[in-house]
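**Q** For reference, the structure I am asking about is given below.
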Amino acid sequence: MKAKRVALAVVVLIVAIWILTGIYIVHPNEEGVIRRWGKYRLSVGPGIYYHIPWPVERVDKPKITKIEKIQIGYRTIKEGPPAVYKPVEEEALMLTGDMNIVDLWFIVQYRIKDARAYLFNVRSVKKTIKDAAEASMRQIIGDRGVDEALTVGKEEIQGKIEGKLQQILDLYKSGIDIVTVKLQDVHAPGEVREAFEGVASAKEARERLVNEALGKYNEQIPKSKGEAEKIIREAEAYAVERVKRAEGDANRFLARLKEYRKAKSVTSDRLYLETMQDILPEIEKIVMPKTAEGFIKFLNLRAGSLKEEVKK
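For the sequence shown, the working numbering gives the first residue as 5, with consecutive numbering after it.
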C-alpha cells in the first residue's frame, strides 16, 4: 500500500513538472513562435506565456533584433588584435568581365524581419544567404572590368549586391532583411598583385585629383558668379543714377528755357550774374546798368544780397 502511494506521488510530481515546463518567457529582443505537432500555431511578443508542453507544442524564440554576419572568401581565425584571417580560395576567386581574376573578400550582415518565414520557409538560412550572396557577387563582378572592381567601383558593387541579394531572399520568402554588404578586401591574385596594386593606386590618385579639381571648380564658379552679379548690379545702379541725373539736368534746363522765353532780358541778366559769381567768387563786382543816371549801384555778390548806395 505504501509503495503504491509512493508511486502515485512520483507520477503526480512528474506530471506537475511536465505541466510547469509549459511556462516560457519571451524577451524584448525575441519573438515567440509556437508549433503544435510541428506546424505553425501562433506568434507572440515579449512577455510570460504558457503552452502545452512537449511533445504537443514547442516554442522557438529567434532573436529578431540581433544582426548576424556571414564571411565569404575568408574566415576569421583569431579576433585579435591583431586579427588573423584564413582565405577560402574557392569562394574568393572571381572572374571579371574582361577575363581577369580578382580575389574578393566580403561580409553580409542580416537580421530576421519575419520569424515565422525564417523558421518555416528556409531549411538552412545561413547556407542559403551565403550561396545567394556568392552567386550575386559573381554575376555583378562578371559585368565589370578588373579596374572597376579594384578601384572606383566598390561602392556601386556593394549597393547592387545588397539589392540583388535582398530580391533573391524575398523570392524565397526567407524572412531575412539584408542590413549591409561590405567589401572587406579586393585584390589581384598573389602572382600579379604588385602590378595590379600599382595600377590601382595610380587610378585612385587620378580619381582623387579629379575630385579635388571639381571641388575647387565648384567652389570658385559660384564665387566668380557672385562677383560678376555684384559688378552688374553696381553698373546698373550707376546707369540708373546717370540717367536720373541727366533727366534732372534736362528738367532744370527746360525750366530755365521756359523762364528765359517768358523774360529773356531778366533771365539773361540773372544767368550772367550767376556765372560771374562762379567764375570770380573772391572779387568785388560793380554792376552799372545802362539806364543809370547819376547813380552807382554796388552789388555785394559775396554776401548774396544786392546793396545800393546812391551818390549824387
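Idealized CB from N, CA, C, for every residue including glycine. As the structure is a prediction and not an experimental result, all values here were calculated from the model.
Whose CA, out of P32, R79, Y89 and V88, lies closest to the CA of K65?
**A** Residue mapping note: residue 65 aligns to position 61 of the sequence shown, counting from 1. Taking only the C-alpha atoms, the option nearest K65 is P32.
**Q** Y53 and G36 look like a contact to me (Cβ under 8 Å); what is the Cβ gap, rounded to whole Å?
**A** Position 49 of the sequence shown, counted from the start, is the residue given in the question as residue 53. Position 32 of the sequence shown, counted from the start, is the residue given in the question as residue 36. So it is a contact: roughly 7 Å between Cβ atoms.
**Q** Pull up the distance between the alpha-carbon of K70 and that of E83, whole angstroms please.
**A** Stepping through the sequence shown from its first residue, residue 70 is reached at position 66. Stepping through the sequence shown from its first residue, residue 83 is reached at position 79. For K70 and E83, the gap between their C-alpha atoms comes out near 20 Å.
**Q** Rank I111, L46 and R246 by C-alpha distance to the C-alpha of L187 and give the top, closest one.
**A** Walking along the sequence shown from the start, residue 187 turns up at place 183. Considering only alpha carbons, the answer is I111.
**Q** Could you check what DSSP says for V314 in three-state terms: helix, strand or coil?
**A** On the sequence shown, residue 314 is found 310 positions in, with the first residue counted as 1. Note on V314: pLDDT 37, under 50, position unreliable in the model; the coordinate value appears next. Here V314 sits in coil by DSSP.
**Q** With a threshold of 6 Å on Cβ separation, who are the neighbours of T184 within its own chain once the five nearest residues in sequence on each side are excluded?
**A** Indexing the sequence shown from 1 puts residue 184 at position 180. Excluding residues within five positions, the ones whose Cβ falls inside 6 Å are Q113.
**Q** Taking the runs of the beta strand (DSSP E) that are 3 residues or longer, which of them lie wholly in the stretch 104-142?
**A** Taking only runs of at least 3 residues, the beta strand (DSSP E) segments lying wholly in the stretch 104-142 are 105-116.
**Q** How is Y28 classed by DSSP in three states: helix, strand or coil?
**A** Residue numbering aside, residue 28 sits at position 24 when the sequence shown is read from its first letter. Correct three-state label for Y28: strand.
**Q** Got a sec, what are the start and stop residues for the alpha helix (DSSP H) G49 sits in?
**A** Walking along the sequence shown from the start, residue 49 turns up at place 45. Here G49 belongs to no alpha helix (DSSP H), and DSSP marks it neither H nor E.
**Q** On a Cα-Cα basis, can you pick out the residue from R79, A241 and E160 that is closest to K90?
**A** By 1-based counting over the sequence shown, the position of residue 90 is 86. Per the Cα distances, R79.
**Q** I68 and E34 look like a contact to me (Cβ under 8 Å); what is the Cβ gap, rounded to whole Å?
**A** For this step, residue 68 is matched to residue 64 along the sequence shown. For this step, residue 34 is matched to residue 30 along the sequence shown. Indeed, because the Cβ distance is near 7 Å, the residues count as touching under 8 Å.
**Q** Can you check which of these residues, I133, R62 and D189, is closest to L173 by C-alpha distance?
**A** The count along the sequence shown starts at 1 and reaches residue 173 at position 169. Per the Cα distances, I133.
**Q** Among I38, G252 and S178, whose alpha-carbon lies nearest the alpha-carbon of R127?
**A** Mapped onto the sequence shown, residue 127 falls at position 123. Comparing Cα-Cα distances from R127 to each of I38, G252 and S178, the minimum goes to S178.
**Q** Spell out a yes or no on whether the stretch 222-233 and the stretch 147-156 are touching, meaning 3 or more CB-CB pairs, one atom from each, closer than 8 Å.
**A** no
**Q** Quick check: the Cα distance between P85 and I56, rounded to an integer number of angstroms?
**A** Within the sequence shown, residue 85 is the residue found at index 81, counting from 1. Within the sequence shown, residue 56 is the residue found at index 52, counting from 1. Whole-angstrom Cα-Cα distance: 48 Å.
**Q** What number of angstroms, rounded off, separates the C-alpha of Q75 from the C-alpha of L108?
**A** Counting from 1 along the sequence shown, the entry for residue 75 is found at position 71. Counting from 1 along the sequence shown, the entry for residue 108 is found at position 104. Roughly 11 Å separates the two Cα atoms.
**Q** Is the Cβ-Cβ distance between A137 and L99 less than 8 Å?
**A** Within the sequence shown, the letter at position 133 stands for residue 137. Within the sequence shown, the letter at position 95 stands for residue 99. No, the pair does not count as a contact, with Cβ atoms beyond the cut-off.
**Q** Relative to the alpha-carbon of A121, which residue among Y176, K164, M141 and G101 has its alpha-carbon at the smallest distance?
**A** The residue given as residue 121 occupies position 117 in the sequence shown. Nearest of Y176, K164, M141 and G101 to A121, Cα basis: Y176.
**Q** Rounding to the nearest angstrom, what Cα-Cα distance links K311 and E238 in this structure?
**A** Numbered from 1 along the sequence shown, position 307 holds the residue referred to as residue 311. Numbered from 1 along the sequence shown, position 234 holds the residue referred to as residue 238. Bear in mind that the predicted position of K311 carries a pLDDT of just 43, short of 50, making it unreliable; the figure below should be weighed with that in mind. K311 and E238: Cα-Cα distance of roughly 49 Å.
**Q** With DSSP run on the structure shown, which of helix, strand or coil describes G77?
**A** As a first step, residue 77 is located in the sequence shown; it is residue number 73 there, counting from the start. If DSSP states are grouped into helix, strand and coil, G77 belongs with coil.
**Q** Could you please give me the residues that DSSP links to D189 through a beta bridge?
**A** The residue labelled residue 189 in the question sits at position 185 within the sequence shown. D189 is bridged to W109.
**Q** What's the gap between the Cα of L154 and the Cα of I116?
**A** If you number the sequence shown from 1, residue 154 lands on position 150. If you number the sequence shown from 1, residue 116 lands on position 112. Rounded to the nearest angstrom, the two C-alpha atoms are 32 Å apart.
**Q** Residues in its own chain within less than 6 Å of I180 by CB, not counting five upstream and five downstream?
**A** Residue numbering aside, residue 180 sits at position 176 when the sequence shown is read from its first letter. The residues are Y114 and L173.
**Q** Return the residue from the list E251, G163, I145 and V48 that minimises the CA-CA distance to D118.
**A** Walking along the sequence shown from the start, residue 118 turns up at place 114. Checking every option, the nearest Cα to that of D118 belongs to V48.
**Q** Output the distance between the C-alpha atoms of E159 and K43, rounded to the nearest integer angstrom.
**A** Sequence index remark: in the sequence shown, residue 159 carries index 155 (1-based). Sequence index remark: in the sequence shown, residue 43 carries index 39 (1-based). Rounded to whole angstroms, the gap between the alpha carbons of E159 and K43 is 43 Å.
**Q** Evaluate E166 with the Cβ neighbour count: other Cβ atoms within 10 Å of its Cβ, from every protein chain shown; 16 or more gives buried, anything less gives exposed.
**A** Locating residue 166 in the sequence shown gives position 162, counting from the first residue. The residue in question, E166, is buried, as its Cβ has 16 or more Cβ neighbours within 10 Å.
**Q** Which partner residues of E61 appear in the DSSP bridge assignment?
**A** By 1-based counting over the sequence shown, the position of residue 61 is 57. For E61, which the question treats as bridged, DSSP gives the partners R40.
**Q** Name the two residues that bound the continuous alpha helix (DSSP H) containing I150.
**A** Translated into positions along the sequence shown, residue 150 becomes position 146. Looking at the sequence shown, residue 150 is not Ile but Val. Where V150 is concerned, the enclosing alpha helix (DSSP H) stretches over V150 to L154.
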